[in-house]
Structures are given as C-alpha cells and as structure tokens.
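Notes for the one structure printed next.
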Amino acid sequence: LELFAKKAVALAGKRAKLIPVVLYILGIFLAAIGPGSIPVMALMAMFSMALAAQMKINPLKLVPIAVSGAAAGGLSPIAPSGIIAINLAAKSGFTDIGIPFFFNSLLSYTLFGIVMYFFFKAYKIDTDAPFKMDDLPKFNRNQIITLAGIAVMVVLVIFGKFNIGLMAFLTAGVLTFLRVADEKQAVSGIPWGILVMVAGVNVLMDVVIKLQGIKMMAAFLGSLMNESTATPILALTSGIMTFFSSTSGVVMPTMIPTVKDILATLGNPQNITATEMISALVNTSQNAGMSPLSTAGALIMAAYGSTFNPSQKEEHKLFVTLFGISVAGLIFMTVGSYFGLFKIFN
54 LELFAKKAVA
64 LAGKRAKLIP
74 VVLYILGIFL
84 AAIGPGSIPV
94 MALMAMFSMA
104 LAAQMKINPL
114 KLVPIAVSGA
124 AAGGLSPIAP
134 SGIIAINLAA
144 KSGFTDIGIP
154 FFFNSLLSYT
164 LFGIVMYFFF
174 KAYKIDTDAP
184 FKMDDLPKFN
194 RNQIITLAGI
204 AVMVVLVIFG
214 KFNIGLMAFL
224 TAGVLTFLRV
234 ADEKQAVSGI
244 PWGILVMVAG
254 VNVLMDVVIK
264 LQGIKMMAAF
274 LGSLMNESTA
284 TPILALTSGI
294 MTFFSSTSGV
304 VMPTMIPTVK
314 DILATLGNPQ
324 NITATEMISA
334 LVNTSQNAGM
344 SPLSTAGALI
354 MAAYGSTFNP
364 SQKEEHKLFV
374 TLFGISVAGL
384 IFMTVGSYFG
394 LFKIFN
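Using our numbering, read the sequence shown as starting at 54 and increasing by one per residue.
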C-alpha cells in the first residue's frame, strides 16, 4: 500500500498543489476497500508526514487532509466502521442505509477538506512531487497478488452481495496459502485491543438497552429537541463525546440506538430520516476524532514526533492546532446538519 501511495503521489508531477488532493482521494480509496479508518489513518499519517518533511513544507498542508480521507473512506459499507454503523442501524430497524450513509460521509468530509485546503494554504505548495514514476520500483509478485485479492474481495462483496467477514477471511486464507506474507506478522498486526474494546462496549450497550438506559437518554435528548434542532443536537453531542473517546467503540454503540426513540418522541416527522440523523452523528463524531486525545489526532502526533523530532513547544503547538481542527470540524458538521447537509443522500 505504501508503494501504491508513492505511485499515486508521483502522478501529481510538477503540480504539487494537487498532492493534498491526491492524498485525500488515496486515503478514501485505501480505507474504503476494506482495511478501514484506523490502519489507513496510521499509514496516511506517517506517509504524508514523511512526505512533508521530504518536501520541506508545513505538515499541516498535507497530513490533516490525508487522514480525513482515510476517515471518510472508513465509513464505506465494507469497511469496519461503516459495518458497525450499518449493523447498529439495522438492529434498530433501519436497513439499506449503507450507500446513502457513505455518500453523505464523502460529501461532508470533502467539503470540510476543501475548507482545510484553503485555510492551510495548501494551494501555495510550489515544490515538485518528491517521487518520479520512473524511479519507483514495480510491484513485485506478492504485492500484485495481494492487491488482486483485495480487488476480488471488493467486487464479490459489492456486486455478489457476499458477507464481508466471510470474504475477508477467505481472501486472507488464500493469500496465506500462497505465502505472500508472514502469517505470524500479519496476525500480530491485527488491532486486537480495538476488537476487544468494540466487543466489550457492545456487550455493555446490550445491558444498557435491556435496562432501558437508551430510552432514558433518548427521552432526555428528545426533550431538548424539535424537528429543526434534533439532528444538530444529536451531532453536537456525538462530536463532544469523541473528543475523549472512540467513534466506533463508544459513540456509535451509544448514540445510534437512540435514533429510533428520538424519532418516536418527535412523532416520526416526515422531514427527518434515520439515515440523516445517523449520518450526522457518525460523521460529526468521526470528524471530531482529529482531537489529539482521540485516535486520528493521536496518530498524527505520533507521526510528527517520530518524523520531525520536535521540541516540546512545537508539539504543544500541533496539539492545540489539532484540537482547533477538531472543534472546527465539529462546528462545521453541526451547522451543516442544521442546514440539511445530511438530507442530500437519503
């Protein structure tokens, strides 16, 4: 994937101002085809940070946009975060939201990405791309087989309607049989801690649901809402929660089950849909994850520390900037939800 990323950046050639755009699209693509947000966020954070160092430019011109692409792509119907959201929605009786939910994610993230592109003046990058296609090695046998395996899996899931989990295991088994990588190293690279956390939180949320905790939360939020403010309040609440927690592991399992009861409290109005509310709360939460106290921001801080060896003052400055981006994203998504941003795809 890193070699694939280098080849993609090389396509920008002397049009260096397009590199942030290429990184954004690349992040979406890599996360959307299956790996999901967190591993691709880590890849894009390290890759774009090293790229900024090599180009001798402010990393803020590249890194937040690249990581945002991974966050948006991670909400596809075949990526882990997208699957979690879709399954939680299905438990509440909201089915077939996958495609409009993903399109809402792409639209909202792209609009905020444009804001970051101009705010950090990425259009003023005037150096050449650090990679030239002729200088990069060709994909080797194992890399070609792996990329082909991912492509086949995506086609089978999207067009053949096969189960994503089954296809992922099958693809991994075939690749292991073909010995394209060390299976021990591959298994050790699985984020077991995150899987255990998500499973544990789901068990906890089932207990909360059985004890009517979700109904109580929904009733409280519903008492603060009307048809105009329901979606923005839900989005704002979810975003604030993400400043200090995980979108997939905490916010989605907590907030998505409230949507059904909130809609019922409001009398199931015709001008608000579950897809709109779920899209708003998940995307606002995911965008607020740029906070250095959450996953995306922490990955950027780690990449910055290992690449630039910054002083404590420089680290503090990036910390504050990332928190500012997180707050800006929260405000952007919340205001956008008020004006119907998440009604476009329903």
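Heads up, the beta-carbon is just placed ideally off N, CA and C, and yes, glycines get one too.
None of these values were measured; they are calculated from a predicted model.
At 4 residues or longer, and completely inside the region 253-325: list those alpha helix (DSSP H) runs for me, N to C.
The region 253-325 contains these whole alpha helix (DSSP H) runs: 266-277, 283-295, 305-308 and 311-318.
Assigned exposure category for Asn336 - 16 Cβ within 10 Å defines buried:
Classification for Asn336: buried.
Can you say whether Val208 is buried or exposed, counting buried as having 16 or more other CB atoms within 10 angstroms of its CB?
Val208 is exposed by the Cβ-count criterion.
Going by CA-CA distance only, name the one from Phe155, Ala327, Phe296 and Gln107 that's closest to Phe315.
Sequence inspection shows Ile at residue 315; the Phe mentioned does not correspond to that position. Comparing Cα positions, the closest option is Ala327.
Rounded straight-line distance, which links the Cα of Leu76 to that of Val62
Roughly 7 Å separates the two Cα atoms.
Residue interval of the alpha helix (DSSP H) (run including Pro133)
Here the alpha helix (DSSP H) through Pro133 covers Pro133 to Lys144.
Using the Cα positions of Tyr170 and Lys114, report the straight-line distance between them to the nearest angstrom.
Straight-line Cα distance between these residues: approximately 7 Å.
Give me the Cα-Cα distance between Glu236 and Ala225, rounded to the nearest whole angstrom.
Rounded to whole angstroms, the gap between the alpha carbons of Glu236 and Ala225 is 9 Å.
Between Val74 and Ala98, is the Cβ-Cβ spacing less than 8 Å?
It is not a contact, given that the beta carbons lie outside the stated cut-off.
Rounded distance between the beta-carbons of Leu128 and Gly135, thought under 8 Å
Confirmed, about 5 Å.
Alpha carbon to alpha carbon, how far is Ala272 from Pro363?
When rounded, the separation of the alpha-carbon atoms in Ala272 and Pro363 is 48 Å.
For Ser344 versus Phe296, is the C-beta spacing smaller than 8 Å?
Cβ distance < 8 Å, so Ser344 and Phe296 count as in contact.
Is it buried or exposed for Gly393, if we count other Cβ within 10 angstroms and need 16 for buried?
Answer is exposed; the Cβ neighbour count stays below 16.
Pro92 in three-state terms, based on DSSP:
Pro92 carries a helical assignment under DSSP once its states are collapsed to helix, strand and coil.
Please check the pair Ile137 and Ser301, which I expect to be a contact at CB under 8 Å, by giving their CB distance rounded to whole angstroms.
About 5 Å; that satisfies the 8 Å criterion.
On the three-state DSSP scale, how would you describe Ser412?
The question about residue 412 has no answer here: the residues shown for the chain are numbered 54 through 399.
Give every residue of the same chain whose Cβ lies closer than 6 Å to the Cβ of Gln339, excluding the five residues on either side of it in the sequence, and list them in chain order.
Listed in chain order, the non-local C-beta contacts of Gln339 below 6 Å within the same chain comprise Ala124 and Thr300, local neighbours out to five positions each way being set aside.
Minimum C-alpha distance to Arg232 - residue among Asp188, Thr199, Val256 and Arg68
Looking from the CA of Arg232, the closest CA among Asp188, Thr199, Val256 and Arg68 belongs to Thr199.
Any non-hydrogen atom of the ligand ADP within 7 Å of Val260 CB:
Ligands displayed in this structure: none; no statement on the ligand ADP is therefore possible.
Grab me the residues of Phe101's own chain with a C-beta within less than 6 Å of its C-beta, minus the 5 sequence neighbours each way, in chain order.
With the sequence shown as reference, residue 101 is identified as Ser, and Phe is not the correct amino acid for it. Around Ser101: Leu76, Leu115, Val116 and Ala119.
Delimiting residues of the alpha helix (DSSP H) encompassing Tyr170
It spans Gly151 to Phe172 - the alpha helix (DSSP H) in which Tyr170 sits, taken as one unbroken run.
For Pro153, which residues of its own chain have a beta-carbon under 7 Å away from its beta-carbon, when the five flanking residues on both sides are left out?
Cβ neighbours of Pro153 beyond the five flanking positions: Thr328, Phe398 and Asn399.
Host alpha helix (DSSP H) of Lys366 (start-end)
Counting along the chain, the alpha helix (DSSP H) containing Lys366 begins and ends at Gln365 to Tyr391.
To which residues of the same chain is Pro322 closer than 6 Å at the C-beta, ignoring the five residues directly before and after it?
For Pro322, where only same-chain residues beyond five positions count, the Cβ hits under 6 Å are Glu280.
Here's a check: name, in chain order, each residue in its chain whose Cβ is nearer than 7 Å to the Cβ of Ala349, leaving out the five neighbours to either side.
Apart from the 5 residues on each side of it in sequence, Ala349 sits with its Cβ closer than 7 Å to the Cβ of Met94, Val120, Ala124, Gly342 and Met343 in its chain, given in chain order.
Rounded to whole angstroms, what's the CA-CA distance from Val260 to Met278? Just pull it up for me.
Each residue's Cα considered, the two are about 26 Å apart.
Under the rule that 16 or more other beta-carbon atoms within 10 Å means buried, what is Gly377, buried or exposed?
Around the beta carbon of Gly377, fewer than 16 other beta carbons lie within 10 angstroms, which makes this residue exposed.
Local conformation of Ile397 per DSSP, three classes:
Coil.
DSSP state of Asp188 mapped onto helix, strand, coil
The answer is helix: DSSP assigns Asp188 an H, G or I state.
Residue of Phe212, Met220, Thr311 and Val303 minimising C-alpha distance to Gly202
Considering only alpha carbons, the answer is Met220.
Under the three-state DSSP convention, the category Leu231 falls into:
It is coil, neither helix nor strand.
Let me check understanding here. Comparing Cα to Cα, which of Asp179, Leu96 and Ile293 lies closest to Gly382?
In this structure, Ile293 is the residue among Asp179, Leu96 and Ile293 with its C-alpha nearest to the C-alpha of Gly382.
For the putative contact between Ile309 and Ala69, defined by C-beta atoms under 8 Å, what is the C-beta separation to the nearest angstrom?
Separation of the CB atoms of Ile309 and Ala69 is rounded to 41 Å, and the pair is thereby denied contact status at 8 Å.
Could you pull the start and end residues of the alpha helix (DSSP H) that Ala84 belongs to?
Unbroken alpha helix (DSSP H) run through Ala84: Ile72 to Ala85.
Minimum C-alpha distance to Ile131 - residue among Phe172, Leu289 and Ile81
With distances taken between Cα atoms, Ile131 lies closest to Ile81.
May I ask which residues mark the beginning and end of the alpha helix (DSSP H) holding Ser241?
Note, Ser241: alpha helix (DSSP H), Glu236 to Ser241.
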